[in-house]
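One structure below.
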Amino acid sequence: MKSTPTLTGMAALVIAVGIAVPTSAYASATVAGAEVDGVMVVSGNTCSWTGADASATPPSALTVDRATINKPGGNLTCGGGIAAALNNNPGFTFDDAAGTATTDVIDLTGKQSFVSCRYKVTNIVWNREGTSRKYVNTPFTATKVSGSFLCPGSFSAAAGEASVVFR
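Sequential numbering from 1016 applies to the sequence shown in the numbering used here.
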């Protein structure tokens, strides 16, 4: 069925751009000017956002306010008729010496037409590009936690299909 691969791609896309830590409460304070943008292309569909609020700047551990990613407060958009939302407040820990960042958990829901799928993924490692604050994902697999029988039980994303930029 055509919608299933698209939903899989959407879920991978949102997970990869989601950048998350455990579902603890978001730090109420954000640092002025600390923002993050994200993008991913899967199966020809692109999801992206810009200007999400972060609680700190790298290399400090930080969280990102999902309300500034998800609509209506944020500007997360996806192609291919996909709607997506993060279910937790995204976050990162950084290892500047190794040039990596790690997310603990990403929890997201994707919807296309009448089909809704929820996925979680743990311990995604992101590689920094040079000395910038742009990071690209390493391969990961997400597992379905709820949703339609039309949703795949899991899906994998290849290295480099997503990126996040801290500014």
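Heads up, the beta-carbon is just placed ideally off N, CA and C, and yes, glycines get one too.
Owing to the predicted nature of the structure, the values given are computational and were not obtained by experimental measurement.
Assigned exposure category for residue i - 16 Cβ within 10 Å defines buried
i: residue 1154; result: exposed
i: residue 1087; result: exposed
i: residue 1176; result: buried
i: residue 1070; result: buried
i: residue 1111; result: exposed
i: residue 1099; result: buried
i: residue 1075; result: exposed
From the options, residue whose alpha carbon lies closest to that of residue i
i: residue 1113; options: 1126, 1142, 1107; result: 1142
i: residue 1162; options: 1148, 1122, 1147; result: 1122
i: residue 1084; options: 1073, 1106, 1067; result: 1067
i: residue 1129; options: 1166, 1107, 1135, 1102; result: 1166
Alpha-carbon spacing of residue i relative to residue j, whole angstroms
i: residue 1097; j: residue 1138; result: 25 Å
i: residue 1094; j: residue 1105; result: 22 Å
i: residue 1115; j: residue 1109; result: 6 Å
Three-state secondary structure assigned by DSSP to residue i
i: residue 1082; result: helix
i: residue 1101; result: strand
i: residue 1146; result: coil
i: residue 1133; result: strand
i: residue 1050; result: strand
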